[in-house]
Every structure is written in structure tokens, then in C-alpha cells.
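In my numbering, the protein residues as written are 1 to 313. Since the structure comes first, as C-alpha cells, the remarks are kept for the end.
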């Protein structure tokens, strides 16, 4: 752990608790857009852990996880440093949107470019100001619009430290997830900095169960790293899944299912049906594999090819 961390031109020494704000740009109105960054430093040497949410502005569960931990003063480490970013994509947060105003995804824009698109500039500033100090990280995400995710950690399990931290988090599901081009997780991985992605719920909706599991899992990771003493044991067993598959709509129409997210299904088991709005057509849909339902589309009106059910095994 460095003696001094410098973020946004502010020197932060051991034992300090600081809020600094990264200036990214301005709105057309002239309003300055800033990203709040909380830094909590112990006087004792230890790892630097990043807790980050709001990469996609409409994914509010992670923001609420960090907010509650800040509010309850849970981020004062016994050793090392915790860097907490409740909302990275302020633009999307203000506009209830996944993207920034130029329509680009920040999490497909890493490592970024100082002179690039707005999304690329956000990514570049973060990589320059914050990432050099990070040893490990938790990146909190949420399912898309009307698509809910059961609480899960995603990481590359072949990398030992990823597996170790994922098992310390102990979510209901750990999913082996290859790196995606342009993602923070991939760029951090190139630097030897493990970043785990935690997913729960759907966009623009609080998922109380997933928020609780997220807070408890974060505490377990911090305890595992020697940065916290208080933690609780997981309330559910952890299933480790190496593969996953999506069931997609064969026809457009009205989608309905009696399957609940988190349930186990058998291959070829009927999991739902699609009908037309007039009662003239009905297509049964069967599970493509035996596994657990870790994602579910709650939108009743679907188009051909829409993702309906995410099965991990």
C-alpha cells in the first residue's frame, strides 16, 4: 500500500478519510459533471480495494449497496485502503440510462482515450486517476430493463485470485465469465488486478434480497483480506457454474412462465410459452440444458430472438 495516494490532485495519506470529485466534463447548460470518489485509509499497511457501482447509470442496486455501507460507516478498514465510487456514470444516472449521452457504453470503452468519445473519456479518467492504486475490486451491476439477475458473482475462475475472492464473497451463484472486450474487468486483468462483477436484480428497481447479499458478501471479502472483523455467514449455499446458455424467443408474442428466478430446471422441461395476443397461436418453450435460472426476462411482450431465460450449469 503506498504511503500517499494522489487522486484528482489531492494527496491522501494513511489514516485519512477523504471525498474528492473527479471533474469529467460539462453539460450543454454549463453544469459541471463530477464523479464522487470516497477514500478511506487505515494507518496500517494492507491492500487497496475498489468498490464501484453505476457503470451503467440505470443499475441502481450497486449504488444502493455502497450508499448503505457509507451511511452505516462500514468502510473504515482495519488495514489498507477502500476506494468507493457509488456512481461512475453520472450522465446515465441523471437520465435513467445505461449509456452516456453519446450512446456509448462506458464498460465497452476501457482503457479509454483522453481525446475520444465521452464514454472513452470517462473510462480514461478513471484508469488514470484511480486504477493505478487498486489491488482488488468489486464492480456492482444489475440486469437490463425487465431482465432480472439472481445474485451472482462473475469472474474468470481459471485465475486463482478470482476464485479465492469469489468464494470469500459466497454469493448464491459464482459464474465463470470470460473477459469482454473494452470492459473494466478485462483491462484490470491485464494489469494483474482482479475485479469481480456482482450482478443482482433489474435496472431501475431495488432488489432488497440482492442488496443484502451484496453488502454481506462485500463484508466477507473485506474480512478475508483482513480489513474487517464483522461479517455474517451466507444464508444460501454457493453453486459454481462453469457454463451458461440463454433460451431465446422462437416467435414474437406474449411470454409467460411459471419458473422462478433461482430455480433449478431440467433439460427439456417446459419453462414457459409464447402466444399471440389473439389466442390463435401458442408455442411451448423447453429448457435447453439442466441448470439454474440465474436470469429471467420479466417483459411479457417479446420479439423473436429476445433473451428469455438465462441458465447456468
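Backbone N, C-alpha and C define an ideal beta-carbon position, used for all residues, glycine too.
request  = State yes or no: is the C-beta of residue 196 within less than 7 Å of the C-beta of residue 165?
outcome  = Cβ atoms of residue 196 and residue 165: closer than 7 Å.
inquiry  = Taking the alpha carbon of residue 149 as the reference point, which residue from 180, 38, 209, 286 has its own alpha carbon closest?
reply    = The candidate whose alpha carbon is nearest that of residue 149 is 209.
ask   = Of the choices 266, 282, 253, 58, whose alpha-carbon is the least far from that of residue 303?
value = Closest option to residue 303, Cα to Cα, is 253.
message = Per DSSP, what are the beta-bridge partners of residue 326 in this structure?
response = Nothing about residue 326 can be read from this structure; the chain reaches only from 1 to 313.
ask   = Going by the CB atoms, is the gap between residue 41 and residue 81 shorter than 7 Å?
value = Yes; because the gap between Cβ atoms is below 7 Å, this pair is in contact.
ask   = How about residue 106 and residue 55: do their beta carbons lie closer than 7 Å?
value = In contact: residue 106 and residue 55 (Cβ atoms closer than 7 Å).
inquiry  = Once DSSP output is grouped into helix, strand and coil, what is the label at residue 206?
reply    = Here DSSP, grouped into helix, strand and coil, assigns residue 206 to coil.
ask   = In the DSSP assignment, what are the bridge partners of residue 386?
value = Limits of the chain in this structure are 1 at one end and 313 at the other, which puts residue 386 out of reach.
query = Between which two residues does the beta strand (DSSP E) harbouring residue 273 extend?
reply = Under the DSSP assignment, residue 273 falls in the beta strand (DSSP E) whose first and last residues are 270 to 275.
task = Give a yes or no on contact between the region 126 to 142 and the region 41 to 50, applying the rule of three or more CB pairs nearer than 8 Å.
result = Segments in contact, yes.
query = Shortest alpha-carbon distance to residue 43 belongs to which of 2, 279, 181?
reply = With distances taken between CA atoms, residue 43 lies nearest to 2 out of 2, 279, 181.
ask   = Considering only the beta carbon of each residue, do residue 58 and residue 97 sit closer than 7 Å?
value = The answer is yes: Cβ separation under 7 Å.
key: Cα-Cα separation, residue 111 to residue 129   = The alpha-carbon of residue 111 is positioned some 12 Å away from that of residue 129.
task = Pull up the distance between the alpha-carbon of residue 178 and that of residue 278, whole angstroms please.
result = Between residue 178 and residue 278, the C-alpha separation is close to 42 Å.
ask   = Going along the chain, which residues of its own chain have a beta-carbon closer than 7 Å to the beta-carbon of residue 146, five neighbours each way excluded?
value = So the qualifying residues of the chain are 202, 297, 298, 299.
request  = Identify which residue in 186, 240, 284 has its Cα closest to the Cα of residue 249.
outcome  = Across the set 186, 240, 284, the C-alpha of 284 shows the shortest separation from the C-alpha of residue 249.
task = Spatial neighbours of residue 17 within its chain, please: CB distance less than 6 Å, with the 5 preceding and 5 following residues excluded, ordered by chain position.
result = Taken in chain order, the residues that qualify are 40.
inquiry  = According to DSSP, simplified to helix, strand and coil, what is residue 287?
reply    = Three-state DSSP puts residue 287 in coil, outside helix and strand.
query = By Cβ distance, which residues of its chain are closer than 7 Å to residue 258, with the 5 residues on each side in sequence left out?
reply = Sequence-distant Cβ neighbours of residue 258 in its own chain, meaning closer than 7 Å and more than five residues away, do not exist here.
query = Enumerated in chain order, which unbroken segments of the alpha helix (DSSP H) with a length of 4 residues or greater are wholly contained in the region 88 to 168?
reply = Runs of the alpha helix (DSSP H) inside the region 88 to 168: 90 to 94, 118 to 129.
task = Using the Cα positions of residue 117 and residue 280, report the straight-line distance between them to the nearest angstrom.
result = Distance from the CA of residue 117 to the CA of residue 280, rounded to the nearest whole angstrom, comes to 48 Å.
task = Please say whether residue 35 and residue 22 have beta carbons closer to each other than 7 Å?
result = For the 7 Å CB-CB criterion, residue 22 and residue 35 form a contact.
ask   = CA-CA distance, residue 330 and residue 157?
value = Summary: the structure shown does not reach residue 330, with the chain confined to residues 1 through 313, and so no result is reported for it.
ask   = So, is residue 27 buried or exposed, given that buried needs 16 or more other C-beta atoms within 10 angstroms?
value = Result: exposed.
query = For residue 11, does the three-state DSSP call read helix, strand or coil?
reply = In the structure shown, residue 11 sits in a strand (DSSP, three-state: E or B).
query = In terms of residue numbering, what span does the alpha helix (DSSP H) encompassing residue 62 cover?
reply = Run containing residue 62: 60 to 71, per the alpha helix (DSSP H) assignment.
ask   = Considering only residues of the same chain and omitting the five flanking positions on each side of residue 120, which have a CB-CB separation below 8 Å?
value = Residues 104, 109, 112, 113 of the same chain have their beta carbon placed closer than 8 Å to that of residue 120, with the five preceding and five following residues left out of the count.
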